[in-house]
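For the record, the sequence lines run as chains A and B. As numbered in this note's numbering, the first sequence has no gaps in its residue numbers, which increase by one up to the final residue, 79. As numbered in this note's numbering, the second sequence has no gaps in its residue numbers, which increase by one up to the final residue, 807. What follows is a set of notes on a single structure, which appears directly below.
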Amino acid sequence: MDISSLKVGQRARVVHLHASQPAEQRLMALGLMPGVIVRLARVAPLGDPIAIEFRGQCVSMRKREAGVVEVEPLG
Amino acid sequence: MAKAPSRAPLVALIGNPNAGKSTLFNALTGLRQRIGNYPGVTVERKSGWMTLPDGERVEVLDLPGLYSLAASSPDERIVIDTLCGRIGAERIPDAVVCVVDCTNLLRNLFLASQVAELGIPMMLVLNQADVARKRGVEIDTGRFSERLGGIPVVPASAWHGEGIASLKGALAGVLEKRTPMRRILWNEGVAEALRILREGLMREKDGGAAAVPDAMLQRMIFDATPDPGGGWLDGPAQAHTGRRRLVLAARERIRHAGLNPFAAEAVLHYERMGAVIEGIVVERAKEGGHTFSQRLDEVLLSRILGTAILLVAMAGMFASVFWLAEIPKGWLETLFAGIGAGIEPWMEEMPALRSLVIEGVIGGVGAFMSFLPQILILFFFITLLENTGYMARAAFLMDRLFSWCGLNGKCFVPMLSGYACAVPSVLATRTIEDPRARVITIFLIPFMSCSARLPVYTLMTTAFVVPQAGAFKGAMVMVGMYLVGLVVAIPVAWVLTRVVLRIRVRSFVLELPRYQIPRARDVLWRMWQAGAEFVKRAGTIIFAITVIVWALLYFPHTTETAVTTRKVFIEELSGSTGKTPGQIEAALAEESATARQDGATEAGPLTKALEHRVSAAHIEDSYLGRFGKAVQPVFAPAGFDWKITVGVLASFPAREVIVSTLGITYSLGAEAGADSDALHAAMAKSTWKSGPRAGAPIFTIPVVMGIMVFFALCSQCGATLAVIAKEAGWRWAAASFVCMTTLAWLAAVACYQAGRLLGCA
Numbered sequence: 005m006d007i008s009s010l011k012v013g014q015r016a017r018v019v020h021l022h023a024s025q026p027a028e029q030r031l032m033a034l035g036l037m038p039g040v041i042v043r044l045a046r047v048a049p050l051g052d053p054i055a056i057e058f059r060g061q062c063v064s065m066r067k068r069e070a071g072v073v074e075v076e077p078l079g
Numbered sequence: 047m048a049k050a051p052s053r054a055p056l057v058a059l060i061g062n063p064n065a066g067k068s069t070l071f072n073a074l075t076g077l078r079q080r081i082g083n084y085p086g087v088t089v090e091r092k093s094g095w096m097t098l099p100d101g102e103r104v105e106v107l108d109l110p111g112l113y114s115l116a117a118s119s120p121d122e123r124i125v126i127d128t129l130c131g132r133i134g135a136e137r138i139p140d141a142v143v144c145v146v147d148c149t150n151l152l153r154n155l156f157l158a159s160q161v162a163e164l165g166i167p168m169m170l171v172l173n174q175a176d177v178a179r180k181r182g183v184e185i186d187t188g189r190f191s192e193r194l195g196g197i198p199v200v201p202a203s204a205w206h207g208e209g210i211a212s213l214k215g216a217l218a219g220v221l222e223k224r225t226p227m228r229r230i231l232w233n234e235g236v237a238e239a240l241r242i243l244r245e246g247l248m249r250e251k252d253g254g255a256a257a258v259p260d261a262m263l264q265r266m267i268f269d270a271t272p273d274p275g276g277g278w279l280d281g282p283a284q285a286h287t288g289r290r291r292l293v294l295a296a297r298e299r300i301r302h303a304g305l306n307p308f309a310a311e312a313v314l315h316y317e318r319m320g321a322v323i324e325g326i327v328v329e330r331a332k333e334g335g336h337t338f339s340q341r342l343d344e345v346l347l348s349r350i351l352g353t354a355i356l357l358v359a360m361a362g363m364f365a366s367v368f369w370l371a372e373i374p375k376g377w378l379e380t381l382f383a384g385i386g387a388g389i390e391p392w393m394e395e396m397p398a399l400r401s402l403v404i405e406g407v408i409g410g411v412g413a414f415m416s417f418l419p420q421i422l423i424l425f426f427f428i429t430l431l432e433n434t435g436y437m438a439r440a441a442f443l444m445d446r447l448f449s450w451c452g453l454n455g456k457c458f459v460p461m462l463s464g465y466a467c468a469v470p471s472v473l474a475t476r477t478i479e480d481p482r483a484r485v486i487t488i489f490l491i492p493f494m495s496c497s498a499r500l501p502v503y504t505l506m507t508t509a510f511v512v513p514q515a516g517a518f519k520g521a522m523v524m525v526g527m528y529l530v531g532l533v534v535a536i537p538v539a540w541v542l543t544r545v546v547l548r549i550r551v552r553s554f555v556l557e558l559p560r561y562q563i564p565r566a567r568d569v570l571w572r573m574w575q576a577g578a579e580f581v582k583r584a585g586t587i588i589f590a591i592t593v594i595v596w597a598l599l600y601f602p603h604t605t606e607t608a609v610t611t612r613k614v615f616i617e618e619l620s621g622s623t624g625k626t627p628g629q630i631e632a633a634l635a636e637e638s639a640t641a642r643q644d645g646a647t648e649a650g651p652l653t654k655a656l657e658h659r660v661s662a663a664h665i666e667d668s669y670l671g672r673f674g675k676a677v678q679p680v681f682a683p684a685g686f687d688w689k690i691t692v693g694v695l696a697s698f699p700a701r702e703v704i705v706s707t708l709g710i711t712y713s714l715g716a717e718a719g720a721d722s723d724a725l726h727a728a729m730a731k732s733t734w735k736s737g738p739r740a741g742a743p744i745f746t747i748p749v750v751m752g753i754m755v756f757f758a759l760c761s762q763c764g765a766t767l768a769v770i771a772k773e774a775g776w777r778w779a780a781a782s783f784v785c786m787t788t789l790a791w792l793a794a795v796a797c798y799q800a801g802r803l804l805g806c807a
């Protein structure tokens, strides 16, 4: 599943990230890469974008971009 | 100030966005700064001067904030090009100061590790050390420095001015010893890939062979751009295919080693820096508890309350730019009027010079100075929003409204302030990082109904709509006018994105940084810079436009026109009052004699009426008046007569001028305001003098609606075009002018023709 399908507040581990586009490389530069624990912090009032917490920071991304990040939910 | 020798060392500041780089830059240079542009791109070049403890003067270059050297935006491209010495006259920095936010150490160190690949002497500044300390983070800087090859690692807090002195001391050492940061030890796959590319390029003598730095080879291999290796090196086009083949071979080598070439760089640098800080960063665990920013976000980003707070904050900002700016604007107007009145008596004998100085020169200076209050106020709010970290939250909340047309949430604030004034709003688009979203926003801002359109709506609505259709419909028309621009801007945005720029979906990844209290100095400095930049860069253009249009409206200004008008005026008056022309002449003479005796500033009623008639005749005979009459047929399908046409033409430098121009052409003088009953009456009484509609009133509801719609959509603001040209280039300014003016004409014609078909003409 991808990050945007997590429930708000749910934590997950990144298992795969396609890095074939500049947008995805931006996510990697921020430290979003396989093995990292992420948490879906919130969804914007209009349904998009979403805010993800990882490595002690909070990053907003659109669901489209989040779609390339495959995760496995924790707990 | 004495100019420092050009060989003074150049030091570049580099760091992530939100790492406190600007605050540090301000603290280091003490505001001895210079802002310019990099050649050919609209990226700001900020540099300044600082003095080291040994008295040496150093030039500091503040590079744009970025997370990675991967160049997917012009800002980022500038950084790597600067560091590789590939920008015209730009020198390669003698040292790099990498600003690291130690509350998010690893991510910031990724960039530092990339920069190390350039081999430039370097040091690290661990900024926001105070916040890290409070969070219980302790960093052993001695061992840190050791593991990075001995480069200085200095904790600092730019906000509090802490660590600035030790930073300067350490920098002197860096410039002397020239120690670069220890580079990453690439695994075999990447090392081989780099060798393949380097040797291949040397073999083909591409891009100056051995001179290509490793960092640039890495960009060619690692960056997922659609054109591998393209644009990085100079050289003939035929070299391009060969280069592309080499890059693909290098990537294949990395894949062979079991790594994704597009992910390898980030993964390996993060692994490396993770190992570097292992054991030297102690976090006295306070896990589990939420930080202050997280708790604040629970409120500020919540569905209902968060949205409500955003709307209130935006309303406050908007009201300040819209209304608060009027107060200092009034002072400026009084000041310029005072200056004009003060020097007027010296030029009594030279009416052309007097008009040039008062209406042209002082009016021209006033024209751009009057934007300053709005610019300062808007930049106060924008800097506050950005430096607190709330701007990113506003973008997060609003992004969905903009994402469909290639824009993003960052476009919200400039677009909203466009309803107050386009000039500061276009300048404010500098907060939008995505260059294409920025240019689209710049293009759309002038469609928002700014405060200068209000006098036109007021004049037309109170003079014609309210008397004929009632106050309620009048109010509806006013609201409608505010929506016209937005309604037209939406399809324009769609066409611009999909057809002209062919943007599909743009990505929008945005850090929601830790909330911070902004420093007053940073806010004031940014306001000052925005104002000074505007005056310096757009001032002359706005001034020139004002003077040119003044000349077109003033000349030829013959005495013959004045004499004939006087004769006609007296004849008409004698016809309507029964007095002989001689009596009227005598009355005029008496009025001027009394005025001279009393030293009165106000002329008598008869003199004033004559003066207004003469001004009307001069404007009719002016080059612009003649041009207006000549092009009136163009506006005939919209039902405009020559007076409206001249008003429209005279309003191209600034749309609010229509009111005073109509005042002059209707012989009421320039001082008749939008709420002048005399002006309303004169306009209502005016009829077509000839042609098929002779005798019919000019200002019918369809014409009035057409005029308002025309002003809502037309590009009638020299200042806006000047700032668009400065921010996005002359081509965009020209495109904006043509597009808006065409749309305005079409809409006005549609209004009039539809009205006629419905039978209200």
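Even glycine gets a Cβ: it sits at the ideal position worked out from N, Cα and C. Every value quoted in this text rests on a predicted model; they were computed, and no experiment measured them.
Check	Outcome
To the nearest angstrom, report how far apart B:Gly805 and B:Leu500 are at their CA atoms.	28 Å
State yes or no: is the beta carbon of A:Asp52 nearer than 9 Å to at least one beta carbon in chain B?	yes
Rounding to the nearest angstrom, what Cα-Cα distance links B:Ser668 and B:Ala700 in this structure?	19 Å
With DSSP run on the structure shown, which of helix, strand or coil describes B:Ala255?	Its pLDDT being 49, under 50, B:Ala255 is placed unreliably by the model, and nothing is read from it.
Does B:Arg153 get closer than 9 Å to chain A when you measure Cβ to Cβ?	yes
Does B:Ile86 come out as helix, strand or coil in the three-state DSSP assignment?	Sequence check: residue 86 of chain B is Gly here, not Ile. Correct three-state label for B:Gly86: coil.
At which residues does the alpha helix (DSSP H) containing B:Cys797 begin and terminate?	776-803
Please list, in chain order, the chain A residues whose beta carbon lies closer than 8 Å to that of B:Asn306.	Ala23
Does B:Ile60 come within less than 9 Å of chain A when only Cβ atoms are used?	no
Could you have a look at A:Ser64 and say whether DSSP puts it in helix, strand or coil?	strand
Which residue from B:Leu98, B:Val57, B:Ser118, B:Glu250 puts its Cα closest to that of B:Met169?	B:Val57
Give the straight-line distance between the Cα atoms of A:Cys62 and B:Pro559, rounded to the nearest whole angstrom.	7 Å
Chain A beta carbons: is any one of them nearer than 9 Å to that of B:Gly805?	no
State the start and end residues of the unbroken alpha helix (DSSP H) segment that holds B:Asn154.	151-162
So for B:Val555, helix, strand or coil by DSSP?	coil
Under three-state DSSP, which class holds B:Lys92?	strand
Are at least three pairs of beta-carbons, each pair with one atom in the stretch 122-133 of chain B and one in the stretch 38-45 of chain A, less than 8 Å apart?	no
Using the Cα positions of B:Met415 and B:Leu634, report the straight-line distance between them to the nearest angstrom.	39 Å
Counting only the same chain and skipping the five closest in sequence on each side, list residues whose C-beta sits under 7 Å from that of B:Ala742.	Thr733, Trp734
Count the other C-beta atoms from every protein chain shown that fall within 10 angstroms of the C-beta of A:Gly79, then say buried if there are 16 or more, exposed otherwise.	exposed
Quick check: the Cα distance between B:Gly209 and B:Val145, rounded to an integer number of angstroms?	12 Å
Indicate whether at least one CB of chain B lies closer than 9 Å to the CB of A:Arg46.	yes
Mind pulling the chain B residues with CB within less than 7 Å of A:Arg17?	Ordered by position in chain B, no residue passes the 7 Å Cβ test against A:Arg17, which lies about 15 Å from the chain.
What residues in its chain sit with their C-beta under 8 Å from that of B:Phe364, if we drop five residues either side in the sequence?	Leu462, Ser463, Tyr465, Ala466
For B:Arg244, which of helix, strand or coil comes out of DSSP?	helix
Between B:Ala48 and the rest of its own chain, which residues show a CB-CB distance below 8 Å, the 5 nearest in sequence each way excluded?	Summary for B:Ala48: the model assigns pLDDT 44, below 50, so the residue's position carries little reliability, and this model does not support an answer.
Which ranges does the alpha helix (DSSP H) cover as unbroken runs of at least 4 residues, wholly within the stretch 121-205 of chain B, from first to last along the chain?	151-162, 175-180, 187-193
Measuring alpha carbon to alpha carbon, tell me which residue in B:Met266, B:Ala211, B:Gly671, B:Ser212 is nearest B:Val236.	B:Met266
For A:Val63, would you say it is in contact with chain B, using Cβ-to-Cβ distances shorter than 9 Å as the test?	yes
Cα-Cα, which of A:Ser8, A:Ala33, A:Asp6, A:Val18 is closest to B:Asp269?	A:Ala33
Would you report the Cα separation of B:Arg123 and B:Val89, rounded to the nearest angstrom?	10 Å
Should B:Leu98 and B:Lys223 be called a contact, given that it needs their Cβ atoms to be closer than 9 Å?	no
Any C-beta of chain A sitting closer than 9 Å to the C-beta of B:Arg349?	yes
Assuming B:Ala321 is part of the beta strand (DSSP E), what are its boundary residues?	Segment 310-323 is the alpha helix (DSSP H) holding B:Ala321; no beta strand (DSSP E) there.
Leaving out the 5 sequence neighbours to the left and right, which residues in its chain are closer than 8 Å to B:Ala255 when beta-carbon positions are compared?	Confidence at B:Ala255 is low in this model, with a pLDDT of 49, below 50, so its placement is unreliable and the value that follows should be read with caution. Result list for B:Ala255: Leu247, Met248, in chain order.
Between which two residues does the beta strand (DSSP E) carrying B:Asp108 extend?	103-108
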